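S.K.: I'd like to ask you about the structure that follows.
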Amino acid sequence: MAVQSELETLNRDSKDWNWLWWFTVPLYPYSKRRTLRAEVVRDTIWTFDQVQGIFYVATPIRMTAVKLEEGGLLIYAPVAPTPECIRLVNELVAEHGDVKYIILPTISGLEHKVFVGPFARFFPNAQVFVAPNQWSFPVNLPLSWLGFPAKRTHVLPDDGSETPFGDQFEYAILGPVAQGIGSFGEVAFFHKRSRTLLVTDSVLSISDTPPAIVQLDPYPLLYHARERASDAIQDTPELRRKGWHRISLFAFYFLPSTLDTLDLLPSIWDARTAIDHSKKNYFGWFPFRWKDDWQRSFDALRGNGRLFVAPILQRLILNRVPKETIAWADRVANWNFERVIPCHFASPVQATPQQFRQAFAFLERQPSSEQAILPEEDFGLLKDVEAGLIKRGITPPAKEKI
Ligand SMILES: [Fe+2]
């Protein structure tokens, strides 16, 4: 009861959103993280959205809770355990039972890995299962040093039926794919009863309008909706949408080919024309000039919301192991899911196994579908990065398509 009243007090002020460990992943919104819970399948699946980002490229990051048949919860890819987040989980615990299993489904996604240890401390009865072949950058620390509870952390076995939740879930491990500074790997989970596929970073879908969690603080959307430093920040649904489209282009292409950036000195000189010189507005600094065809680039990226593979994975990672990736995608596409919940961008995504499989057509010499193939001209910066990494011997060249 004491704990409950303490949490209730916290709810009433912004401490509720605090994430004191923000410095481990120093990304926007820094120490203030809100959490939005959504019930995806009645009394069975819930998602918890938070925002992450850098330079106002604010996008959702998500964990998923699944109710187990025997009672209790399985948590896939924990997010920051702020008081608000823990309170929202505990509301489910009160109704459906304790957190029994916590899954770290990636070996590369630092933005997911950092929260597992701190999250697990709130649920001392939970067993933690991690994707095999974990590594940490810059040095390979044992997981216990990253705050993982040593006595209750296990590596997911190759054979999912050996796990205590193996009767309700199937999973498929992709990777590890060796890359420059570590390895990429991810575990897709299939919840049989609800026909739901959980993935981390492998596939995603972009919504046309900004997700609710991003609209709690629309400032990043409005910042990017402008054309010039001298434009005032205005808030309309249409500007929020425009800002969201541009943020999506930043998130996937880093420097979209449909964007010109001003050099540092001219952009600082340009900042004098801004109306708002507050810190929040980066002192008026807005070094971006979007080209006329930027909306074309966004429309191609979004592809009406179909599932696709992030350009960075297409260009730098999965094209190193096309055979293994296609084999994994085929295995996943054998499950009869009807929705996909990725850890980023839109959720839930209504999609068939075939639509999931089409996202990997970029690895095929003769693509079975063109739906999720992105325009070559939009890969500008990533192509340069790839060439640089190959030249320095950091990453091997891409393999032949299948
Ligand atoms: Fe991720």
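Residues 6 to 407 (the working numbering) are what the sequence shown spells out, left to right.
Beta carbons: idealized from backbone N, C-alpha and C, even for Gly.
The model shown is predicted, which means the values in this text are computed figures rather than measured ones.
Using only Cβ atoms and a threshold of 7 Å, which residues come within that distance of a heavy atom of ligand 1? Order them by chain position.
M.R.: Per the Cβ criterion, the list is I66, T111, G114, E116, H117, T205, D206, C348 and H349.
S.K.: Between the alpha carbons of L306 and L254, how many angstroms are there, rounded?
M.R.: Against the sequence shown, residue 306 aligns to sequence position 301. Against the sequence shown, residue 254 aligns to sequence position 249. Taking the straight line from one Cα to the other gives about 8 Å.
S.K.: Residue range of the alpha helix (DSSP H) that I218 falls in?
M.R.: The residue labelled residue 218 in the question sits at position 213 within the sequence shown. I218 -> alpha helix (DSSP H) spans A217 to Q220.
S.K.: Would you identify the three-state DSSP class for T330, choosing helix, strand or coil?
M.R.: The residue you call residue 330 lines up with position 325 of the sequence shown. Helix.
S.K.: Note the first and the last residue of the continuous beta strand (DSSP E) segment covering Y224.
M.R.: Here the question's residue 224 lines up with position 219 in the sequence shown. That residue, Y224, is in no beta strand (DSSP E); its alpha helix (DSSP H) goes Y224 to H229.
S.K.: Rounded to the nearest angstrom, what separates V345 and W333 at their Cα positions?
M.R.: In the sequence shown, the residue the question calls residue 345 occupies position 340. In the sequence shown, the residue the question calls residue 333 occupies position 328. When rounded, the distance between both Cα atoms is 16 Å.
S.K.: Here's a check: name, in chain order, each residue in its chain whose Cβ is nearer than 6 Å to the Cβ of I91, leaving out the five neighbours to either side.
M.R.: Mapped onto the sequence shown, residue 91 falls at position 86. Counting only Cβ-Cβ distances below 6 Å, and skipping sequence neighbours, we find F127.
S.K.: Out of S302, K156 and D48, point me to the one whose CA is closest to Q132's CA.
M.R.: Taking the sequence shown and counting its residues from 1, one reaches residue 132 at position 127. With distances taken between Cα atoms, Q132 lies closest to K156.
S.K.: At which residue ranges does the stretch 31-114 contain complete beta strand (DSSP E) runs of 3 or more residues, listed in the order of the chain?
M.R.: Complete beta strand (DSSP E) runs here, min 3: 41-46, 50-59, 62-72, 78-81 and 104-109.
S.K.: Let me make sure I understand the geometry here. Which of V208, I252, H196 and Y228 has the alpha-carbon closest to that of T214?
M.R.: As a first step, residue 214 must be located in the sequence shown, where it is residue number 209. Cα-wise, what sits closest to T214 is I252.
S.K.: By the 10 Å Cβ neighbour count, where 16 or more other Cβ atoms means buried, how is I399 classified, buried or exposed?
M.R.: To locate residue 399, count along the sequence shown from 1; it is residue 394. That one is exposed.
S.K.: Cα separation between S207 and R277?
M.R.: The count along the sequence shown starts at 1 and reaches residue 207 at position 202. The count along the sequence shown starts at 1 and reaches residue 277 at position 272. Cα to Cα, S207 sits roughly 42 Å from R277.
S.K.: Out of A183, V390 and D222, state which residue places its alpha-carbon closest to the alpha-carbon of G248.
M.R.: Residue numbering aside, residue 248 sits at position 243 when the sequence shown is read from its first letter. Here the closest residue by C-alpha is D222.
S.K.: Nearest to W299 by CA position, among V84, G152 and S262, is which residue?
M.R.: Within the sequence shown, residue 299 is the residue found at index 294, counting from 1. Measuring from the Cα of W299, the nearest candidate turns out to be S262.
S.K.: Pairing CB atoms from the stretch 316-324 with CB atoms from the stretch 36-48, are three or more of them under 8 Å?
M.R.: No, the stretch 316-324 does not touch the stretch 36-48.
S.K.: So R246 is in the alpha helix (DSSP H); what residue range does that whole segment cover?
M.R.: Taking the first residue of the sequence shown as 1, we reach residue 246 at position 241. Counting along the chain, the alpha helix (DSSP H) containing R246 begins and ends at P242 to Y258.
S.K.: Using a Cβ-Cβ cutoff of less than 6 Å, which residues in the same chain neighbour F313 once the five nearest sequence positions on both sides are dropped?
M.R.: The residue given as residue 313 occupies position 308 in the sequence shown. A364 and A377.
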